[in-house]
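S.K.:
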Amino acid sequence: MRKKNVTPCLASKSSPIESDQDFSLSFVLDNASTVNICGCREAFVSLIEDNETTLEWIEKSTTLEPKYKGLIKLEMVDVVTKKKVPVTIEAEFVDGATNLLSQRIMFLKHGFKSQTSDDKETNRLANSPNKWTVDFGIVDGLYRADVVIPRPRKKSLAVLVATTQSTSLALWHMRLAHTNWQAIKEMESKGLVSDLKLARSDRKVEGSCYDCDLAKMKRMSFKKTSHNEPHTFEKVFMDLGFLQVPTMEGHKVYLPDR
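Sequential numbering of the sequence shown, starting at 1, is according to the UniProt record's numbering.
#1: If you check the beta carbons only, do aspartate 22 and isoleucine 184 fall under 9 Å apart?
#2: Starting from leucine 169, trace the alpha helix (DSSP H) in both directions and tell me its first and last residue.
#3: Buried or exposed for glutamate 65, please, with buried defined as at least 16 other CB atoms from any protein chain shown within 10 angstroms of its CB.
#4: For the alpha helix (DSSP H) that lysine 185 lies in, which residues bound it at each end?
#5: I need the DSSP call for glycine 250, collapsed to helix, strand or coil.
#6: Let me know the secondary structure DSSP gives glutamate 42 once reduced to three states.
#7: Would you kindly report the start and end of the unbroken beta strand (DSSP E) that includes phenylalanine 23?
#8: Rounded to a whole number of angstroms, what is the C-alpha to C-alpha distance between valine 80 and arginine 124?
#9: Where does glutamine 103 sit, in a helix, a strand or coil, going by DSSP?
#10: How far does the beta strand (DSSP E) with threonine 133 in it extend, from its first residue to its last?
#11: Roughly how many angstroms separate the alpha carbons of aspartate 50 and glycine 39, rounded to a whole number?
#12: How many angstroms separate the CA atom of valine 161 from the CA atom of arginine 175?
#13: What does the Cβ neighbour count give for threonine 88, buried or exposed, with the cut at 16 atoms within 10 Å?
#14: Within the continuous beta strand (DSSP E) that includes arginine 144, where are the two ends?
#15: Suppose you measure from the CA of alanine 177 to the CA of serine 189; what does that come to, to the nearest Å?
#16: According to the Cβ coordinates, are asparagine 99 and leucine 25 closer than 9 Å?
#17: Tell me whether leucine 243 sits in a helix, a strand or coil according to DSSP, three-state version.
#18: For the putative contact between threonine 122 and glycine 137, defined by C-beta atoms under 8 Å, what is the C-beta separation to the nearest angstrom?
#19: Of all the options Phe112, Ala43 and Gly141, which has the alpha carbon lying nearest to the alpha carbon of aspartate 95?
#20: Could you pull the start and end residues of the beta strand (DSSP E) that arginine 124 belongs to?
#21: Measure how close the beta-carbons of glutamate 90 and asparagine 31 come, nearest whole angstrom, since I'm counting them as under 8 Å.
#22: Out of curiosity, what's the CA-to-CA distance linking isoleucine 72 and phenylalanine 27?
#23: Look up leucine 198 in the DSSP assignment and say whether it is helix, strand or coil.
#24: Need the endpoints of the beta strand (DSSP E) that glutamate 65 sits in, please.
#25: In or out: threonine 247 buried (at least 16 other Cβ within 10 Å) or exposed?
#26: Kindly indicate which residue of Gly207, Lys84, Asp195 and Leu74 has the alpha-carbon position closest to the one of lysine 131.
#27: Within its chain, find whatever has a CB closer than 8 Å to the CB of serine 46; leave out the 5 residues flanking it on each side and keep chain order.
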């Protein structure tokens, strides 16, 4: 079953924008439309096929089934702070049609409440939670406002060209998990490690590492020569202790030293 959305639509002179710069589009705030409509293909960030919506033009008594719908990222200007208000809307793509913002959709999906001024010259959309206020002024009998369509920026790759500088032997010693000093020099001479460039002075000296020296001291083995204590015990005090529970051999006393 097709969903019929009664949507007035006017002709538009919107044309594709080939530049990668931001551009502006004029949108009409319509209180009769139940969908958003955009006639500029370049404004969409994504498009999918749409086989469910039917648009009906009141003044022409004709219907149209748009083939595509998608998302548009637009920026409106807050009338108080003059800052950009980013909004992402879903719209039907009708090539050449006037760009319409549905007042109903802006309220239901984006929280914008509409209020017309006393002189009927301005229709204001206000979003209380975000404190956004956007005005649509009357132009040719329609409430219009210019919105900005931000274009994705082309990313330029910055190439950093730097010459490989020689680094100290001690630094590579720590980088390579405290590898032997001579082994590092051999790896540098054979080109086994990328960017391993030692200074000329480091190739001639033997490195020194406090951590390695301390580790070697901890790993030192015991001396094989026996050590005789020069001082002997002068007195040994012994006493009898009684056991409440006899041992398996039947002993009931023991000799504690003190």
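Heads up, the beta-carbon is just placed ideally off N, CA and C, and yes, glycines get one too.
M.R.: With the given structure in hand:
#1: No; because the gap between Cβ atoms is not below 9 Å, this pair is not in contact.
#2: That run of the alpha helix (DSSP H) goes 169 to 175.
#3: By the neighbour-count rule (16 or more Cβ atoms within 10 Å), glutamate 65 is not buried but exposed.
#4: Segment 181 to 190, the alpha helix (DSSP H) holding lysine 185.
#5: DSSP places glycine 250 in coil when its eight states are reduced to three.
#6: Correct three-state label for glutamate 42: helix.
#7: Counting along the chain, phenylalanine 23 sits inside the beta strand (DSSP E) bounded by residues 23 to 30.
#8: Near 12 Å, if we compare the C-alpha coordinates of arginine 124 and valine 80.
#9: In the three-state DSSP reduction, glutamine 103 falls in the helix class (H, G or I).
#10: Threonine 133 -> beta strand (DSSP E) spans 132 to 139.
#11: Approximately 15 Å, taken between the alpha carbons.
#12: Residue placement at valine 161 cannot be trusted, given a pLDDT of 48 that sits under 50; the coordinates are not used to answer.
#13: Per the 10 Å Cβ criterion, exposed.
#14: 142 to 149 is the extent of the beta strand (DSSP E) around arginine 144.
#15: Here the C-alpha atom of alanine 177 lies approximately 19 Å from the C-alpha atom of serine 189.
#16: Taking a C-beta distance under 9 Å as the contact criterion, asparagine 99 and leucine 25 qualify as a contact pair.
#17: The DSSP-derived three-state label of leucine 243 is coil.
#18: Rounded, the Cβ-Cβ distance is 6 Å, consistent with contact.
#19: Of all alpha-carbon atoms in Phe112, Ala43 and Gly141, the one lying nearest the alpha-carbon of aspartate 95 is that of Ala43.
#20: Start and end: 122 to 127.
#21: No, glutamate 90 and asparagine 31 are not in contact; Cβ-Cβ is about 18 Å, not under 8 Å.
#22: Phenylalanine 27 has its alpha-carbon roughly 12 Å from the corresponding atom of isoleucine 72.
#23: Here leucine 198 sits in strand by DSSP.
#24: From DSSP, glutamate 65 is part of no beta strand (DSSP E); its letter is neither H nor E.
#25: Result: exposed.
#26: Each of Gly207, Lys84, Asp195 and Leu74 was checked against the Cα of lysine 131, and the nearest Cα belongs to Lys84.
#27: Gly70 and Leu71, listed in sequence order.
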